[in-house]
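K.L.:
Shown next as structure tokens:
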């Protein structure tokens with residue numbers, strides 16, 4: 099029987115003091131500006147309105163700076179190439195590429211939609227070293243509509259059936275699709291991989307893990323700007339999953 103790790107596999111994300119302060123002040127300035135404007139208190143209304151705009155602009159500038167700084171630090175720590183500037187594919191946004199622990203890695207950001215809004219996702223991709231033409235996997239954190247889809251066994255556009263991985267807490271937390279049907283259960287059999295999955299899924303609002311076209315892709319809503327340790331731990335966890343996928347595929351071949 100595998101021993102359950104005593105410590106976390108994925109550390110909790112740390113947030114900077116600036117991020118916390120801005121998160122508190124922005125709604126206060128917005129609502130205070132709206133209230134004073136309705137009361138015709140022009141000076142105070144204008145103060146809070148322009149204060150809100152200043153917070154938004156200032157935080158946007160700071161956010162982009164810290165994003166570049168931390169991703170560059172991560173690239174140095176795990177020896178990836180840091181792409182930024184005129185020669186990069188997107189000169190405004192940093193991107194990491196290279197080989198880590200024997201696997202081709204890519205870290206970047208992409209836009210997507212969640213609910214009715216547009217969301218920025220941090221994306222990590224790990225390329226497999228073997229062909230996985232017959233194996234497909236999709237894991238995402240459930241929302242209210244996902245319960246309906248699973249209850250009525252509505253398949254994805256690729257017709258991948260829903261699966262269970264033998265642990266009630268994870269089955270209730272996640273929507274899992276697997277082909278073959280027992281593939282997901284075998285991939286998430288190791289205790290450390292399951293623990294990492296639970297820690298990631300319970301710590302975020304939205305996440306998605308997909309195996310497609312010989313590439314394991316992880317999407318998480320948000321920026322991960324302030325914590326190199328968290329991002330590195332997620333990359334290490336994804337490589338563990340990649341290695342387990344290849345072991346399972348080799349056993350089936």
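Numbering (this note's numbering), first residue to last: 99 to 351.
Yeah, the Cβ is synthetic: ideal placement off N, Cα and C, and Gly gets one too.
Since we're looking at a predicted model, the values are computed, not measured.
1) Under 6 angstroms Cβ to Cβ from residue 262, same chain only, skipping five residues before and after it: list those, please.
2) May I have the straight-line CA-CA distance separating residue 220 from residue 165, to the nearest angstrom?
3) Look at the alpha carbon of residue 116 and the alpha carbon of residue 110, and state the distance between them as a whole number of angstroms.
4) Pick out whichever of 293, 294, 315 has its Cα sitting closest to the Cα of residue 235.
5) Between the region 194-207 and the region 269-287, do three or more beta carbon pairs fall short of 8 angstroms?
6) Evaluate residue 227 with the Cβ neighbour count: other Cβ atoms within 10 Å of its Cβ, from every protein chain shown; 16 or more gives buried, anything less gives exposed.
7) Can you tell me the Cα-Cα spacing of residue 259 and residue 310, whole angstroms?
8) Got a sec, what are the start and stop residues for the beta strand (DSSP E) residue 234 sits in?
9) Can you tell me where the alpha helix (DSSP H) holding residue 348 begins and where it ends?
10) Do residue 333 and residue 198 have their C-beta atoms closer together than 8 angstroms?
11) So within the region 278-328, which uninterrupted alpha helix (DSSP H) runs reach at least 4 residues, ignoring any that extend past its ends?
12) Quick one: grab the DSSP three-state call for residue 231.
13) Which whole-angstrom value is the C-beta distance of residue 274 and residue 237, which I expect to be below 8 angstroms?
14) I'd like to confirm the pairing. Which residues does DSSP put opposite residue 173 in its beta bridges?
15) When you compare only the Cα positions, how much space is there between residue 167 and residue 175?
16) List the endpoints of the continuous beta strand (DSSP E) containing residue 194.
17) Compute the Euclidean distance between the alpha carbons of residue 119 and residue 343, then round it to the nearest angstrom.
18) When you compare the CB positions of residue 313 and residue 233, do they come within less than 8 angstroms of one another, or not?
19) How is the beta strand (DSSP E) around residue 181 delimited, first residue to last?
20) Could you have a look at residue 166 and say whether DSSP puts it in helix, strand or coil?
21) Span of the alpha helix (DSSP H) holding residue 110?
22) Please classify residue 177 as buried or exposed, where buried requires at least 16 neighbouring CB atoms within 10 angstroms.
23) With DSSP run on the structure shown, which of helix, strand or coil describes residue 225?
24) Taking its Cβ as the centre, do 16 or more other Cβ atoms sit within 10 Å of residue 255, making it buried, or is it exposed?
P.N.:
In brief:
1) As a position in the chain shown, residue 262 is number 164, starting the count at 1. 269, listed in sequence order.
2) Your numbering for residue 220 matches position 122 in the chain shown. Your numbering for residue 165 matches position 67 in the chain shown. Rounded to whole angstroms, the gap between the alpha carbons of residue 220 and residue 165 is 11 angstroms.
3) Here residue 116 refers to the residue found at position 18 when the chain shown is read from its first residue. Here residue 110 refers to the residue found at position 12 when the chain shown is read from its first residue. One C-alpha to the other measures close to 18 angstroms.
4) Locating residue 235 in the chain shown gives position 137, counting from the first residue. Taking only the C-alpha atoms, the option nearest residue 235 is 315.
5) By the Cβ test, the region 194-207 is not in contact with the region 269-287, since fewer than three Cβ pairs between them sit closer than 8 angstroms.
6) What you label residue 227 is simply residue 129 of the chain shown in a count that begins at 1. It counts as exposed.
7) Within the chain shown, the letter at position 161 stands for residue 259. Within the chain shown, the letter at position 212 stands for residue 310. Roughly 15 angstroms between the two C-alpha positions.
8) Position 136 of the chain shown, counted from the start, is the residue given in the question as residue 234. Judged by DSSP secondary structure, residue 234 falls within the beta strand (DSSP E) whose first and last residues are 234-239.
9) Looking up residue 348 in the chain shown gives position 250. Start and end: 326-350.
10) If you number the chain shown from 1, residue 333 lands on position 235. If you number the chain shown from 1, residue 198 lands on position 100. It is a contact, given that the beta carbons lie within the stated cut-off.
11) 281-285, 289-300
12) To locate residue 231, count along the chain shown from 1; it is residue 133. Assignment of residue 231 by DSSP, reduced to helix, strand and coil, places it in the coil class.
13) The sequence position of residue 274 within the chain shown is 176, counting from 1. The sequence position of residue 237 within the chain shown is 139, counting from 1. The Cβ separation is near 5 angstroms, so the contact holds.
14) On the chain shown, residue 173 is found 75 positions in, with the first residue counted as 1. For residue 173, which the question treats as bridged, DSSP gives no partner whatsoever.
15) Translated into positions along the chain shown, residue 167 becomes position 69. Translated into positions along the chain shown, residue 175 becomes position 77. Going by the C-alpha atoms only, they are around 13 angstroms apart.
16) Taking the chain shown and counting its residues from 1, one reaches residue 194 at position 96. Looking at the DSSP string, the run of the beta strand (DSSP E) that includes residue 194 is 193-198.
17) The count along the chain shown starts at 1 and reaches residue 119 at position 21. The count along the chain shown starts at 1 and reaches residue 343 at position 245. Distance between the alpha carbons of residue 119 and residue 343: 42 angstroms.
18) Indexing the chain shown from 1 puts residue 313 at position 215. Indexing the chain shown from 1 puts residue 233 at position 135. No, the Cβ-Cβ distance between residue 313 and residue 233 is not below 8 angstroms.
19) As a first step, residue 181 is located in the chain shown; it is residue number 83 there, counting from the start. It spans 179-181 - the beta strand (DSSP E) in which residue 181 sits, taken as one unbroken run.
20) As a first step, residue 166 must be located in the chain shown, where it is residue number 68. Here residue 166 sits in helix by DSSP.
21) By 1-based counting over the chain shown, the position of residue 110 is 12. No alpha helix (DSSP H) holds residue 110; DSSP gives it neither H nor E.
22) Indexing the chain shown from 1 puts residue 177 at position 79. Result: exposed.
23) Indexing the chain shown from 1 puts residue 225 at position 127. Reduced to three states, the DSSP call for residue 225 is strand.
24) Locating residue 255 in the chain shown gives position 157, counting from the first residue. In this prediction, residue 255 scores a pLDDT of 47, lower than 50, which makes its location untrustworthy; the coordinate-derived value is nonetheless stated afterwards. So residue 255 ends up on the exposed side.
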